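Colleague: If you count the sequence shown from 1, you need to add 300 to reach this note's numbering.
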Amino acid sequence: MSIIKEFREFAVKGDAVDMAVGIVIGASFGKIVTSVVNDIIMPPIGLLLGGVDFKNLKLILKTATIDKPAVTLNYGQFINTVIDFLIVAFSIFLVIKGINTLKKKQA
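Below you can see the structure in the form of C-alpha cells.
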C-alpha cells in the first residue's frame, strides 16, 4: 500500500475529521475563555482588591539596565492562566457529563 493511499484513508476517516474540528473549536473556545477572564472576570476582582491590575503584577528579580530588560516573575499572568484553565476544565467536565447522561438515557 502506498503512503499516499494510506494517508488518504487516514484523512477521510471520520475520527480524523472529528478530531480536526474539535481542535479548531477548542482553540477558538480557549480564546473566548481568555477574553472572559482578562476582560470580564479579573477587572472586578482587581477593583475589589483596591484597583489591582493582575496583568501587571510581577516580582522584579533584576532591574533593567540600559541594554538589558528587567528579569521579572509575572505571577499576575500566571493567576490569569490558572483561572483560564479552571474555566476550560470545568466547561469540558460539563460537556462530558452531559454526553454521559445522554448515553445512559439511550441505553
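For every residue, glycine included, the Cβ atom is placed at its ideal position computed from N, Cα and C.
No experiment lies behind these values; they were computed from the predicted model shown.
1. Can you list, in chain order, the residues of its chain with a C-beta nearer than 8 Å to that of N356? Leave out the 5 residues immediately preceding and following it.
2. Do M342 and F329 have their C-beta atoms closer together than 9 Å?
3. Compare the beta carbon distance of V371 and I360 with 9 Å and say whether it is the shorter of the two.
4. Of all the options F385, P344, V312, D339, which has the alpha carbon lying nearest to the alpha carbon of G326?
5. Tell me whether I454 is buried or exposed, calling it buried when 16 or more other Cβ atoms sit within 10 Å of its Cβ.
6. For K358, does the three-state DSSP call read helix, strand or coil?
7. Can you list, in chain order, the stretches of the beta strand (DSSP E) that have 3 or more residues and sit fully within the stretch 312-388?
8. Nearest CA to the CA of N338: which residue from V312, T363, T381?
Modeller: Straight from the coordinates:
1. So the list reads G376, once near-sequence residues are dropped.
2. It is not a contact, given that the beta carbons lie outside the stated cut-off.
3. In this structure, I360 lies closer than 9 Å to V371 by Cβ.
4. Nearest C-alpha to G326: F385.
5. Look at the range of the chain in this structure, 301 to 407, and you will see that residue 454 is not part of it.
6. K358 falls in the coil class under three-state DSSP.
7. 359-362, 371-373, all fully within the stretch 312-388.
8. Here the closest residue by C-alpha is T381.
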